[in-house]
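**Q**
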Ligand SMILES: [Ca+2]
Ligand SMILES: [Ca+2]
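In the working numbering, the protein residues as written are 26 to 261.
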């Protein structure tokens, strides 16, 4: 009886701290409305490619492949530069995810060298009509295995304005991109003009890890109530 009471208190406590904004895609049974954008250039110079890309189509679902299956991706060279694009429903004011993080798994194979500094992730700010771009692969990631990448949504990640050649984004410019969020683009394309394989899986976009003051306060008062109730049950 007592163990069951403790389990109930702990269970409710876990619920109260896990409430935070987040998006997750593991592509278990379909492409989860992800898209595939072809860009005229990678994010490596000037103000970056035109938004939202020359074509935007539904991302091909790979039911038998992934980490674990499925995932989204292709084996092709469609021409120009391909990026995986978040579902349209994710667009909008995502300022609550400031100081959070995005992690994702990426797989590729190629017969030619990886092109560096193309930008691995870009977020469109639809109010200021600009990209913020991060390049997380200072060296070529390992081909033929799932690589996990991550960025922080704050200046601890070197977000650049427009392209990897741009100025460092300020805290305010990162917040503006999240507030006017018009899509997060993840690098697919490995090498220009060469057929290769690239896949995406396990995208986790989380809000801040540290609970806000209000959450901590309500969690504390909840725990106190729960423990008081538990003590009364034990004494009874
Ligand atoms: Ca998967
Ligand atoms: Ca290619």
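Quick reminder that beta carbons are idealized off the backbone N, C-alpha and C, glycines included.
1) In whole angstroms, what is the alpha-carbon distance linking residue 37 and residue 234?
2) Quick one: any contact between the segment 195-212 and the segment 177-186, if contact means 3 or more CB pairs under 8 Å?
3) Is the closest heavy atom of ligand 1 to the C-beta of residue 51 under 7 Å?
4) Given 8 Å as the limit, is there contact between the segment 94-106 and the segment 222-229, that is, 3 or more CB pairs closer than that?
5) Which partner residues does residue 87 have in the DSSP bridge list?
6) Whole angstroms is fine: what's the gap from residue 132's alpha carbon to residue 84's?
7) Where residue 88 and residue 57 are concerned, what is the direct C-alpha to C-alpha distance, given to the nearest angstrom?
8) Are there three or more Cβ pairs, one per stretch, closer than 8 Å when the segment 200-218 is compared with the segment 142-152?
9) Are there any heavy atoms of ligand 2 lying less than 7 Å away from the beta-carbon of residue 216, as far as the coordinates show?
10) Given 8 Å as the limit, is there contact between the segment 122-131 and the segment 161-175, that is, 3 or more CB pairs closer than that?
11) Measuring alpha carbon to alpha carbon, tell me which of 52, 232, 218 ends up nearest residue 137.
12) Using 8 Å for Cβ pairs, my map puts residue 134 next to residue 107. What's the rounded Cβ distance?
13) Taking 7 Å as the cut-off, is the beta-carbon of residue 64 closer than that to any non-hydrogen atom of ligand 4?
14) Which full runs of the beta strand (DSSP E) of 3+ residues lie inside the segment 88-169, going along the chain?
**A** Answer, in terms of the structure:
1) The predicted position of residue 37 is uncertain, since its pLDDT is 48 and thus under 50; a value taken from the coordinates is nonetheless stated next. If I take the Cα positions, the gap works out to 19 Å.
2) yes
3) yes
4) Touching, per the Cβ criterion.
5) 96
6) 15 Å
7) 12 Å
8) As far as the Cβ criterion goes, the segment 200-218 touches the segment 142-152, which means the pair count is three or higher.
9) Indeed, a heavy atom of ligand 2 lies less than 7 Å from the Cβ.
10) Enough Cβ pairs lie closer than 8 Å, so yes.
11) Ranking 52, 232, 218 by Cα distance to residue 137 puts 218 first.
12) 15 Å between Cβ atoms; not a contact.
13) Judged by which ligands are present, ligand 4 is missing from the structure shown, whose ligands are ligand 1 and ligand 2.
14) Note on the segment 88-169: whole beta strand (DSSP E) runs with a minimum of 3 residues are 94-101, 106-110, 126-134, 146-150, 155-159, in chain order.
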